[in-house]
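Under the working numbering, the residues of the sequence shown are numbered 216 to 884, in order.
Backbone N, C-alpha and C fix where the C-beta goes; we use that ideal spot for every residue, glycine too.
Quantities reported herein were computed from a predicted structural model and do not represent experimental measurements.
A short worksheet on the structure shown next.
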Amino acid sequence: MTDYPHLLAPLDLGFTTLPNRVLMGSMHTGLEERGDWNRVAEYYAARARGGAGLIVTGGIAPNPEGAVFPGAAAMMTAQDVANHQIVTGRVHAEGGKIAMQILHAGRYAYGKDCVSASAIKSPISPFPPRELDEAGIEKQIADFAAAAARAREAGYDGVEIMGSEGYFLNQFLVTRTNQRSDRWGGSYENRMRLPVEVVRRVRETVGADFILIYRLSMIDLVPEGSTFDEVEQLARAVEAAGATVINTGIGWHEARVPTIATSVPRAAFAWVTKKLMGKVGVPLITSNRINTPEVAESLLAGGAADMVSMARPFLADPDFVAKAKAGRASEIAPCIACNQACLDHTFAGKISSCLVNPRACHETEIVLTPAETARRIAVVGAGPAGLAAAITAAERGHHVTLFDKSARVGGQLHLAATIPGKEEFRGLIDWFETMVALRQVETCLGVDAGVNDLTGFDAVIVATGVTPRDPGIPVDAGARVLSYVDVLKGAPVGDRIAIVGAGGIGFDVAEFLTHTGESPTENLDHWKAEWGVGDPAQSRGGLAAPHPAPSPRKVTLLQRKTGAPGKGLGKTTGWIHRASLRAKGVETLAGVAYERIDREGLHVTTADGPRLVEADTVVLCTGQESARDLADALTQAGVEVHVIGGADVAAELDAKRAIDQGVRLAATL
Ligand code: NAP
Ligand code: SF4
């Protein structure tokens, strides 16, 4: 008997049956562009081995004008077919099924040759698209069909036609981007002609026994987006045109509502898919912020969808389904929806990975083999770096002892978990605890390990982390100055706060201090009200007026740099943090020099002269310094020492670098 009867039930598509209700959703990883098809194949094969019911590849362009960026992966030539055969062959050898996503970016294509319904530039692209004429539209349809035919030739089990997130097909659907007056524009019937025709021609080309998923934007979250009546009309039309399954798309890329970030509540948009249940005959897939088998099971049991799509969770743990099936769900490495190693890498032109699982997309590079000789290894510091090193070394067969001054493992992850919108960090701490026990890592918690405790080990990994930096601002007697650690651990603060330092932690502390009561991330209705998410049946695109809860405090966030505060935050999430603090009335001041702190507040000099930032509490978020005294003492004592994480380099330390360094070191010991 399984805990997940709905999730693990097969899905009969008529000509083929999927073994369970889990779709590994499409994700761009950057692997396809590197030309190492063995690496691409191993990445997908690992997910097939791990039990994904159906895998969808990252977006593959049908033609150059539709490619997300010049040179992005495409399905246009016999060589492309041969490359993809390596992938499908390896996935099938693992017993998996895989569909290729055909992604035409339209005006989101990062290049001057981009095309769309009308010549209207996207706010997130510098390139105005060329308006397609009748022949140009026919070429796009033919290219979709040809790409699908080649996908079949390459051995894929199906294709997913990307019709959402504001890409090409979505651009024809709404007047925001389609102002044509020919048969491809004007009435909704005309505007939906292109997506429906693409589905019809693809079906005609590939035959009846080939999976055709249509990813349909069910809530656009942009002005002049679709109404739900239009969504329904389109769903019925793509079903009639030959879609086997309809997948859910949420929000255009240019939407100003977060849709997948960690601060978005789990399964925040499943209600949108549910509105379409019963309106079409084909199975529906729901998506976005689903990251545990429990959540997925409850959605299916509650009738929200027939199948669940998870994308990033398969980076975090390729064995998601296999572990759920085996009753080992607590061992699933959780995707915390941070985007730090996946989407942020994509936008930086780097290969995706995962903060929690650095082996993601690096399966052929970081290989964990059993240790030739089992050694006695001490790890000092049970933050992310130390934990990752400890469980990886133990997995390889070493005898690992983990020391930490605290009574619980997790280190600074506990601070992150206190921030409203970062609750997912709790799951990461729980997972580390589970894995420490499972790998039989001996724990010595509440112990401040010194050299004498450590000389008996074959090697010591020092992961002692960081200490907050004291910026040395003169402080008058009676002024209240706290570090971020004090504040996040619950030290009382006043009503007017000055935060010194506007890095990731300064922003987090501002978020912490401008919220009160339940986090909106844990209350879907509050979250929807904060960001202005309404019902697409009531308002176009599902947009409503945002009503952020007022901040209980007046907060000012300062930095010495002259640029805009928050510039260094994650590419795909920084805008969310900035928008959130703006909505809470946080004042930001850049280009300041700190003079002194007294009872009145923080005295600074700005380009306009001296200024007092009135504050009853000043919080220091001025970066960190490495805590490496132990490492130096051990080296002097002649012990084999490896220093990782913040103890190694404090600057720009985050959990991504810490875990990556821990795993990579442990892979070599
Ligand atoms: P950080 O991003 O390096 O920011 C430190 C801040 O302190 C900077 O704004 C810096 O700006 C200021 N500062 C540095 N030295 C100072 C001094 N002597 N006097 C006064 N101000 C000083 O470090 P962090 O905020 O501590 O974050 C640590 C790491 O965690 C970073 O890599 C960060 O990206 C990551 N993190 C990320 C997130 C996220 O949301 N993705 C959240 C939390 C943490 P000025 O020099 O301009 O004043
Ligand atoms: Fe999830 Fe973060 Fe890993 Fe991306 S990097 S898959 S968001 S945990």
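So, at 7 angstroms on beta carbons, what are the nonlocal neighbours of residue i in its own chain, with the 5 sequence-adjacent residues on each side left out?
i: P683; result: S698, Y699, V700, L835, Q839
i: A360; result: R416, V417, T420
i: P498; result: L226, V460, D521, M522
i: T886; result: Not covered by the structure: residue 886. The range shown for the chain is 216 to 884.
i: V255; result: L246, E247, V302
i: T267; result: Just to set this straight, residue 267 is Ala in the shown sequence, not Thr. Result list for A267: V237, M239, G311, F529, V536, in chain order.
i: K799; result: T729, P763, S766
i: T837; result: R684, P686, V715, G716
Per DSSP, residue i forms a beta bridge with which residues?
i: D227; result: T232
i: Y339; result: First, the residue type needs correcting, since residue 339 is Ile and not Tyr in the sequence shown. DSSP, once it has assigned bridges, lists no residue as partnering I339.
i: S698; result: L835
i: L238; result: L269, S524
i: Q316; result: G274, E375
i: L499; result: I461
i: R711; result: K769
i: A289; result: A276
i: T682; result: E840
i: T658; result: L617
i: I676; result: V594, H857
i: V690; result: I812
i: V330; result: R345
Return the chain-ordered list of same chain residues with a C-beta closer than 8 angstroms to the C-beta of residue i, the five sequence neighbours on each side being excluded.
i: A552; result: I475, A476, T477, V479, R504, N506, R527, E639
i: R611; result: L583, T584, P585, A586, A881, A882, L884
Using a Cβ-Cβ cut-off of 8 angstroms, state whether residue i counts as contacting chain B.
i: G749; result: Annotation note: the requested chain B is absent from the structure, which comprises a single protein chain.
Return the Cβ separation of residue i and residue j in integer angstroms, given the expectation that the two are a contact with Cβ distance under 8 angstroms.
i: G273; j: T303; result: About 14 angstroms; that fails the 8 angstroms criterion.
i: F230; j: D424; result: 4 angstroms
i: Y219; j: A539; result: 6 angstroms
i: A873; j: G598; result: 7 angstroms
i: A674; j: A600; result: With 8 angstroms as the limit, A674 and A600 do not qualify as a contact, their Cβ atoms being about 15 angstroms apart.
i: A605; j: V651; result: 7 angstroms
The ligand NAP and residue i: does the residue's C-beta get closer than 7 angstroms to at least one heavy atom of that ligand?
i: F722; result: yes
i: K782; result: no
i: A779; result: no
i: G598; result: no
i: R775; result: yes
i: Q876; result: no
i: P689; result: no
i: T390; result: no
i: A717; result: yes
i: D869; result: yes
i: C836; result: yes
i: H629; result: no
i: G625; result: no
i: T788; result: yes
i: V611; result: The identity of residue 611 in the sequence shown is Arg, whereas the question assumes Val. The answer is no for R611.
Kindly list the residues whose CB is nearer than 6 angstroms to the CB of residue i, restricted to its own chain and excluding five residues on each side of it in sequence; keep chain order.
i: A744; result: H762
i: T832; result: R695, V708, G709, I712
i: H299; result: A369
i: V571; result: A531, A548
i: L347; result: V330
i: L233; result: L226, G268, L269
i: L868; result: G861
i: L617; result: V594, A597, A605, V656, T658
Given 7 angstroms as the limit, tell me if residue i has its C-beta closer than that to any heavy atom belonging to the ligand SF4.
i: V271; result: no
i: C553; result: yes
i: L570; result: yes
i: C550; result: yes
i: C576; result: no
i: R879; result: no
i: A361; result: no
i: K641; result: It is Arg, not Lys, that sits at residue 641 in the sequence shown. Because no heavy atom of the ligand SF4 lies under 7 angstroms away, the Cβ of R641 does not count as near it: no.
i: R481; result: no
i: R527; result: yes
i: L530; result: yes
i: C329; result: no
i: A224; result: no
i: C659; result: no
Contained alpha helix (DSSP H) runs [length at least 4] in the stretch 793 to 854, N- to C-terminal order: 844 to 851
Runs of beta strand (DSSP E) lying entirely within the stretch 601 to 631, each at least 3 residues, in chain order: 614 to 619
Ordered list of beta strand (DSSP E) runs contained in the stretch 403 to 471, each at least 3 residues: 426 to 434, 460 to 465
Length-filtered (4 minimum) alpha helix (DSSP H) runs lying within the stretch 556 to 602: 558 to 562
Beta strand (DSSP E) runs contained entirely in the stretch 719 to 773, provided each spans 3 or more residues: 769 to 773
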